[in-house]
Amino acid sequence: MRHGKYPFVIGFLFAPVALYVTFVIWPYAQAFQISMTNWRGLSAPQWVGFDNYRRLLDDGAFWKAVQHHGVLLLALPLITIAIALFFAFLLNVGGKSSGGQRQGVWGAKFYRVVFFFPQVLAVAIIAVLFQMVYRPNESGLINGVLMKFGLEPILFLVKPNLALWSIIAVLVWQAVGFYVVLFSAGMASIPGEIYEAAEMDGATKVTLFFRVTLPLLWDTLQVAWVYLGIAAFDAFAIVAVLSVDGGGPDGATTVLAMEIYRNAFVYSKYGYASAMGVALFFLTLTFAALTLRLTKRESVEY
Amino acid sequence: MSITPEHPAALDRRTVLRRAAAVGMLATPAIGLLGACATSGSDGDNEQVAGGTKSEKNPLGVKEDAAIEVVIFNGGYGEKYATDVHEPLYKKAFPKAEVKHQATQAVSTVLQPRFASGNPPEFVNNSGEKLMDFGALVADGQLQDLTELWDAPSVDDPSKKVRDTVVPGTIEAGSFNGKPFVLYYVSTVFGIWYSAKLFKDNGWAPAKNWDEFITLLTAIKAKGITPYGYAGANAAYYQWNVILTHAAKIGGTDVLKNIDNLEDGAWQQDAVKQAATAWAEVGAKFSDKSFEGLKHTDVQLRQNQYKVALYPSGDWLEGEQKKDTPAGFDYQLMPVPSMSASDKLPATALRATAGEGYFVSAKSKNPKGGLEYMRQMLSTAGAKGFTEVVKAPTVVTAGSEGFSFPPGVASSQAALKAAGQDVFNLYFDGWYKELDTEARTATNELMFGRINADAFVERIQKRADAIKKDSSVTKFKR
Numbered sequence: 001m002r003h004g005k006y007p008f009v010i011g012f013l014f015a016p017v018a019l020y021v022t023f024v025i026w027p028y029a030q031a032f033q034i035s036m037t038n039w040r041g042l043s044a045p046q047w048v049g050f051d052n053y054r055r056l057l058d059d060g061a062f063w064k065a066v067q068h069h070g071v072l073l074l075a076l077p078l079i080t081i082a083i084a085l086f087f088a089f090l091l092n093v094g095g096k097s098s099g100g101q102r103q104g105v106w107g108a109k110f111y112r113v114v115f116f117f118p119q120v121l122a123v124a125i126i127a128v129l130f131q132m133v134y135r136p137n138e139s140g141l142i143n144g145v146l147m148k149f150g151l152e153p154i155l156f157l158v159k160p161n162l163a164l165w166s167i168i169a170v171l172v173w174q175a176v177g178f179y180v181v182l183f184s185a186g187m188a189s190i191p192g193e194i195y196e197a198a199e200m201d202g203a204t205k206v207t208l209f210f211r212v213t214l215p216l217l218w219d220t221l222q223v224a225w226v227y228l229g230i231a232a233f234d235a236f237a238i239v240a241v242l243s244v245d246g247g248g249p250d251g252a253t254t255v256l257a258m259e260i261y262r263n264a265f266v267y268s269k270y271g272y273a274s275a276m277g278v279a280l281f282f283l284t285l286t287f288a289a290l291t292l293r294l295t296k297r298e299s300v301e302y
Numbered sequence: 001m002s003i004t005p006e007h008p009a010a011l012d013r014r015t016v017l018r019r020a021a022a023v024g025m026l027a028t029p030a031i032g033l034l035g036a037c038a039t040s041g042s043d044g045d046n047e048q049v050a051g052g053t054k055s056e057k058n059p060l061g062v063k064e065d066a067a068i069e070v071v072i073f074n075g076g077y078g079e080k081y082a083t084d085v086h087e088p089l090y091k092k093a094f095p096k097a098e099v100k101h102q103a104t105q106a107v108s109t110v111l112q113p114r115f116a117s118g119n120p121p122e123f124v125n126n127s128g129e130k131l132m133d134f135g136a137l138v139a140d141g142q143l144q145d146l147t148e149l150w151d152a153p154s155v156d157d158p159s160k161k162v163r164d165t166v167v168p169g170t171i172e173a174g175s176f177n178g179k180p181f182v183l184y185y186v187s188t189v190f191g192i193w194y195s196a197k198l199f200k201d202n203g204w205a206p207a208k209n210w211d212e213f214i215t216l217l218t219a220i221k222a223k224g225i226t227p228y229g230y231a232g233a234n235a236a237y238y239q240w241n242v243i244l245t246h247a248a249k250i251g252g253t254d255v256l257k258n259i260d261n262l263e264d265g266a267w268q269q270d271a272v273k274q275a276a277t278a279w280a281e282v283g284a285k286f287s288d289k290s291f292e293g294l295k296h297t298d299v300q301l302r303q304n305q306y307k308v309a310l311y312p313s314g315d316w317l318e319g320e321q322k323k324d325t326p327a328g329f330d331y332q333l334m335p336v337p338s339m340s341a342s343d344k345l346p347a348t349a350l351r352a353t354a355g356e357g358y359f360v361s362a363k364s365k366n367p368k369g370g371l372e373y374m375r376q377m378l379s380t381a382g383a384k385g386f387t388e389v390v391k392a393p394t395v396v397t398a399g400s401e402g403f404s405f406p407p408g409v410a411s412s413q414a415a416l417k418a419a420g421q422d423v424f425n426l427y428f429d430g431w432y433k434e435l436d437t438e439a440r441t442a443t444n445e446l447m448f449g450r451i452n453a454d455a456f457v458e459r460i461q462k463r464a465d466a467i468k469k470d471s472s473v474t475k476f477k478r
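Protein sequence lines correspond, in order, to chains A and B.
Sequential numbering from 1 applies to the first sequence in full-length UniProt numbering.
Sequential numbering from 1 applies to the second sequence in full-length UniProt numbering.
See the structure below:
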């Protein structure tokens, strides 16, 4: 049997590998190739070497987008994880214990479903929904109420220094539900005896959270951080649909995917857009590698 | 190239799909190869029919019994105007010729292989989501030069050339680097729109010059209505259109020509600065800051609700808003007011262009027949028939006479007529999309009070200079 092993394995792997190479690896490789050309979608591309990359260096919109990814990279995971952890803790171990088992707060099952709702909606629908929420006049969800009380409307997506944060709020709102579920699953696998023992020693809920839950959830947190970080490099759909003037006002909410889209499909600069894509590829890769490295830490066995 | 009278969402979607298809081509090497061998077939062996005898009835010398194939985009305007009006006209002129009709909603899907194999149809209505790229077709030598058609005598009056029967700017709209290749057939007029009812109820009159305009805006504001507004979220180009129209009136049409031709300092011309300063004031005093976060449909709806008095747009607006417009609203167009008595153009001058493109394939069997078909389309009967079927004005001046348009289009047609020869157009947004984007962003910055007119012209000029220097961008001149 042993000597027939490799043909057998290769036989099975062939189809998926072929698909993966054709639809994932090959387009990636092509993006690298196109990024070295001045291709505009019609006539044959011409090789221009690193011209596109040199051009990136003094493209204001590109650096603005990179800067926004920096903000997103810090804010999105931090805020989302903090909120998700808080909710997950309340839903799983925040309530009274009955019969030695830790319980969630009253109505936890209901909340769990409600928190997950945004995850079920398509991103574009969420963006359209928030257009209504943020609408700057009396028909907006928030401003409608404010204006009823005679207050000035808040121009969420229009004020340059408020627009990005309005977008981040939507991203957080959308993501929290999933991470509540993820962390809940993580918490459910923490043995109840540990909580029991800690409680007997007089630990408060806060201590329980920081001394028991958090360390035992470290692996899950790490995964969440990487996921959210990668999500922070995307954000395209929300920005494209929700922001004014496509990443505006004046580029205040633009992200790399938005600039790539604009350069490729509006300006027909496929070569230049590919160069941005390659830059984004390396940014994402660097981030993932760094995070996995930095957060490496002895996980607790139980 | 021209502005198609459609709302921006549709326009964007169309370009996106077209270009997405182009990317798809490259991404799949097999199809790319197919495309490569397809293009090589384009110098195929399509034998063209010999010319007929030229006569007064047949100035282009069409062979009387040669067949002609007509492909119509079956979209917003349908195909009825072709089957019921234009094709019968051709049949009437050449009873022995066969007219083959085909309608499609995906022009490029149907025709790309035909062009590739060197057997294109004579006459094509290239429009819709899947239209073929005009620039690429021109570059590939697929389009028949229309000079002969424009210089031919018109059907109705042999002493008049076809070019003199159409709205000024029609030929330019379909020209590439000075050569006419495309016939844009549907007339589009730009201006500022208001409700005749609202104005009548309040005793307001449309303004002709800037002082009147400011007085009007002040009066409207006093009534508690937002005097003027456009949608910053997705339709900022409606406003740069107003600013540039105003600039052209102040400084003459060369102002726009310089901008289109990417001349040095074109955006910093005094006329542009004056117009920008004037409109920045309107933005600061007579508009609503929240409009920057609204889409064009939102602001247009507010106008229908009498919450906004004046709104800049093209004359597709009335049709677009049909279902939201209350009875008696009565859309009316007011040309962008002039600045002062020293303006180069009169107060009636306005921007108008044409949309919905048609071309004749240079490599078809019977290109003369295609040109003749266009000549028939451009006859009074052809244009009248089109307008009656689809309720839209054509570029043929005589074709819209006597037809009772809805009030808005009627007013824009009247304004167009009043403008006479003082009709102009601009092209940079179709030629250089990046410059359009920059102008939109800068317009929002200007109109919502974040920058002044100097910074406005400076930042757009900077982008224009960058495009001029960019060797990868194909340049156009007019």
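For every residue, glycine included, the Cβ atom is placed at its ideal position computed from N, Cα and C.
TODO: Can you give me the Cβ contacts of B/Val423 inside the same chain, cut-off strictly under 6 angstroms, excluding the 5 residues immediately before and after it?
DONE: Pro168, Gly169, Ala352
| With 16 other Cβ atoms within 10 Å as the buried cut-off, status of B/Pro312 | buried
Could you compute how far the alpha carbon of A/Gly140 sits from the alpha carbon of A/Leu56? 38 angstroms
Check your understanding: Which residues share a DSSP beta bridge with B/Gly357?
Key -> B/Asn126, B/Tyr184
query: What residue does the beta strand (DSSP E) around B/Gly51 start on, and which one ends it?
result: Premise fails: B/Gly51 is in no beta strand (DSSP E) and is neither H nor E.
Quiz prompt | Whole runs of the alpha helix (DSSP H) within the region 366-416 of chain B, excluding any shorter than 4 residues | solution = 367-377, 380-390
Contact set between the region 224-245 of chain B and chain E, restricted to residues whose Cβ is under 8 angstroms from the partner = Checking the listed chains, one finds no chain E in this structure; the protein chains it contains are A and B.
Which chain A residues are close to B/Asn58, counting only those with a beta carbon under 9 angstroms from its beta carbon? Correct list: empty, because the minimum Cβ distance to chain A is about 37 angstroms.
_Taking the alpha carbon of A/Phe178 as the reference point, which residue from A/Thr220, A/Gly107, A/Leu146, A/Tyr134 has its own alpha carbon closest?_
A/Thr220
Tell me where the beta strand (DSSP E) around B/Gly314 begins and ends. 308-314
At the 8 angstroms Cβ level, is A/Tyr111 part of the contact set with chain B, yes or no?
no
### Query
Closest by CA to B/Thr380, which one among B/Asp211, B/Leu89, B/Ala50?
B/Leu89
**OP:** Check B/Asn261 in the structure and name its three-state DSSP category.
**Re:** coil
Review point. Does the separation of the CB atoms of B/Met374 and B/Val360 fall below 8 angstroms?
Key: yes
Whole angstroms are fine: how far does the CA of B/Ser412 sit from the CA of B/Ala67? 39 angstroms
Next item on the list: Please go through the region 214-245 of chain A and give each complete alpha helix (DSSP H) segment of 4 or more residues, from N-terminal end onward.
Entry: 218-232, 236-242
Along the chain, where does the alpha helix (DSSP H) that runs through A/Ala15 open and close? 5-20
* Asked: On the three-pair Cβ rule with 8 angstroms, is the region 279-294 of chain A touching the region 222-241 of chain A?
  -> yes
Chain B within 8 angstroms of A/Tyr20, Cβ atoms only | no
Residues that DSSP places opposite B/Gly191 in a beta bridge | B/Ser313
| task | Return the Cβ separation of B/Trp240 and B/Arg440 in integer angstroms, given the expectation that the two are a contact with Cβ distance under 8 angstroms. | result | 7 angstroms
Run through DSSP, which three-state label would B/Gln332 get?
-> strand
By Cβ distance below 7 angstroms, which residues in the same chain neighbour A/Pro249 in space, the five residues on each side in sequence not counted?
Val158, Pro160, Ala163
Checking the sheet assignment: what are the DSSP bridge partners for B/Glu69?
B/Lys100
### Task
Using alpha carbons as the reference points, say which of B/Gly251, B/Arg459, B/Gly370 lies closest to B/Glu64.
B/Gly370
Report the neighbours of B/Lys440 on chain A: residues whose CB is nearer than 7 angstroms to its CB, in chain order. The residue you asked about is not Lys; residue 440 of chain B is Arg in the sequence shown. Under the 7 angstroms cutoff, chain A gives Asp245.
So is B/Asn113 buried or exposed if we call it buried at 16+ other beta carbons inside 10 Å? As written in the sequence, residue 113 of chain B is Pro, which differs from the Asn given in the question. By the 10 Å Cβ count, B/Pro113 comes out exposed.
Open item on the list: Between A/Asn92 and chain B, is any beta-carbon pair separated by less than 8 angstroms?
Closed with: no
ask   = With distances taken from CA atoms, which of B/Lys161, B/Lys179, B/Ser287 is nearest B/Ala222?
value = B/Ser287
For chain A, is any of its Cβ atoms less than 8 angstroms away from the one on B/Gly293? yes
Is it right to say residue 368 of chain A is buried, meaning 16 or more other beta carbons lie within 10 angstroms of its own, or is it exposed? Look at the range of chain A in this structure, 1 to 302, and you will see that residue 368 of chain A is not part of it.
Chain B residues whose Cβ lies nearer than 9 angstroms to that of A/Arg40: Ser472, Val473, Thr474
> Any beta-carbon of chain A closer than 8 angstroms to the one on B/Ser364?
Replying inline: no
Pull out every residue of the region 143-161 of chain B whose Cβ sits closer than 7 angstroms to any Cβ of chain A, in chain order. none
Is the beta carbon of B/Tyr228 closer than 8 angstroms to that of B/Ala309? yes
- request: My understanding is that B/Gln105 touches B/Gly75, with C-beta atoms under 8 angstroms, so please give their C-beta distance in whole angstroms.
  value: 7 angstroms
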